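Enquirer: Numbering (our numbering), first residue to last: 1 to 247.
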């Protein structure tokens, strides 16, 4: 059984055509399921947790990165998630802008997402956390002057001339050293690209960031500094395409 979580921005008329195409394709593939529209829901967490308790097997975020974050946050904060996580899958049908998570999964268009959902190619990946917010792809450090302490071992200074990212799941095909990023290894990767052929790559599981500024999670959620970035113990089972950014 599938449950489709529609983000509230999809109520705008400009997305109607894309949604119609998705719904027709899902029907053609026999992938009909329950539709939940976030615009009419006050407690997203409670609704999604109820779906899990009722035996839903696949939860599909229909929208963008922010939609994915809302849905995954609700899934993993379920008290029974440890028990259900092996059986519950997550996927995305990307609509609109800001869909780097879907791109990482190898999902580039909404109709393609329906075919990938049918194929059910499954991977289990790590989930990052910054402050009280989860992320799948990356954390961008947006600061004119910040300090990053890595695993309590050493410290790096970051400024606006040395943009830095902490990556769990790579979404940038042009990123040098991107093939070294592994979303299964219980590690995060700090990458500082100063200029061409001058890249700092550091692996760790705990990053304490101090200074003025903020973090941008998955291009959708802002967290003010200071903040700590790491991984949570839970994993998530995702449905991916052949053209995903990882093995």
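Positions of the beta carbon are idealized from the N, C-alpha and C atoms, including for glycine.
These numbers come from a predicted model, not from an experiment.
When DSSP labels each residue in this structure, what does residue 160 get in the three-state scheme?
Expert: The residue labelled residue 160 in the question sits at position 160 within the chain shown. Here residue 160 sits in coil by DSSP.
Enquirer: Here's the rule I'm using: 16 or more other beta-carbon atoms within 10 Å means buried, otherwise exposed. How should residue 83 be labelled?
Expert: Sequence index remark: in the chain shown, residue 83 carries index 83 (1-based). Looking at its Cβ environment, which holds fewer than 16 other Cβ atoms inside 10 Å, residue 83 is exposed.
Enquirer: Can you give the Cα-Cα distance for residue 183 and residue 4, rounded to whole angstroms?
Expert: One-based indexing of the chain shown puts residue 183 at position 183. One-based indexing of the chain shown puts residue 4 at position 4. C-alpha separation (whole angstroms): 25 Å.
Enquirer: So is residue 144 buried or exposed if we call it buried at 16+ other beta carbons inside 10 Å?
Expert: The sequence position of residue 144 within the chain shown is 144, counting from 1. So residue 144 ends up on the exposed side.
Enquirer: Output the distance between the C-alpha atoms of residue 115 and residue 96, rounded to the nearest integer angstrom.
Expert: Reading the chain shown from its first residue, position 115 is the one you call residue 115. Reading the chain shown from its first residue, position 96 is the one you call residue 96. Rounded to whole angstroms, residue 115 to residue 96 spans 19 Å at the Cα level.
Enquirer: Whose C-alpha, out of 164, 15 and 119, is nearest the C-alpha of residue 94?
Expert: Translated into positions along the chain shown, residue 94 becomes position 94. Among 164, 15 and 119, the Cα nearest to that of residue 94 is on 15.
Enquirer: For residue 140 versus residue 215, is the C-beta distance shorter than 9 Å?
Expert: Here the question's residue 140 lines up with position 140 in the chain shown. Here the question's residue 215 lines up with position 215 in the chain shown. Contact flag set, yes.
Enquirer: Near residue 186, which residues of its chain fall below 8 Å by C-beta distance, leaving aside the five closest residues on each side in sequence?
Expert: Within the chain shown, numbered from 1, the residue matching residue 186 stands at position 186. Cβ within range, chain order: 126, 205 and 231.
Enquirer: What residues in its chain sit with their C-beta under 6 Å from that of residue 66, if we drop five residues either side in the sequence?
Expert: What you label residue 66 is simply residue 66 of the chain shown in a count that begins at 1. So the qualifying residues of the chain are 220.
Enquirer: Looking at C-alpha atoms only, which residue of 170, 247 and 142 is the closest neighbour of residue 227?
Expert: Along the chain shown, read from residue 1 onward, the residue named residue 227 stands at position 227. Minimum Cα distance to residue 227 is reached at 142.
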